[in-house]
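Numbering (the numbering used here), first residue to last: 68 to 161.
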């Protein structure tokens with residue numbers, strides 16, 4: 068069963084926050100390395116401020132793909148030539 072897009076985006080968000088925190092605390096940063104309880108808060112803030120810029124292109128492409136797979140007057144997907152909703156539409160809307 069395909070995973071829900073929302074679940075995938077939330078998992079990506081959590082992983083991004085973890086990566087940001089790891090990057091901020093990396094010993095290779097030397098004297099500018101961050102430590103302390105503020106690191107998770109800063110990592111979350113960094114990811115949240117970047118998220119709209121990362122999600123927008125992805126969501127625009129999904130929207131464009133859905134438009135290509137909009138059923139025609141005959142009830143078929145014009146791209147797949149199968150009854151709507153086609154597998155592509157079902158996957159993108161999951």
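Don't be surprised by glycine CBs; every beta carbon is placed ideally from N, CA and C. Please read all numbers here as calculations on a predicted model, not as lab measurements.
Exercise for review: Spatial neighbours of residue 129 within its chain, please: CB distance less than 6 Å, with the 5 preceding and 5 following residues excluded, ordered by chain position.
Suggested key: 159
Exercise for review: Note down the Cα distance separating residue 161 from residue 88, rounded to an integer number of angstroms.
Suggested key: 30 Å
Practice item. Kindly give me the distance between the Cβ atoms of residue 136 and residue 155, rounded to whole angstroms, as I take these residues to be in contact under 8 Å. Key: 5 Å
Exercise for review: Under 8 Å by Cβ, that's how I've got residue 142 and residue 151 pegged, so tell me the actual separation to the nearest angstrom.
Suggested key: 6 Å
Exercise for review: Give the straight-line distance between the Cα atoms of residue 101 and residue 82, rounded to the nearest whole angstrom.
Suggested key: 19 Å
Point to revise | Beta-carbon proximity check, residue 84 vs residue 114, cutoff 8 Å | key: yes
Exercise for review: State buried or exposed for residue 167, treating a residue as buried only when at least 16 other CB atoms are found within 10 Å of its CB.
Suggested key: In the structure as shown, the chain begins at 68 and stops at 161. Residue 167 is therefore absent and cannot be evaluated.
Practice item. For residue 154, name the three-state secondary structure that DSSP assigns. Key: helix
**Study point:** Sequence-distant residues of its chain with Cβ nearer than 8 Å to residue 94 (five each side left out)
**Key:** These residues qualify, in order along the chain: 100.
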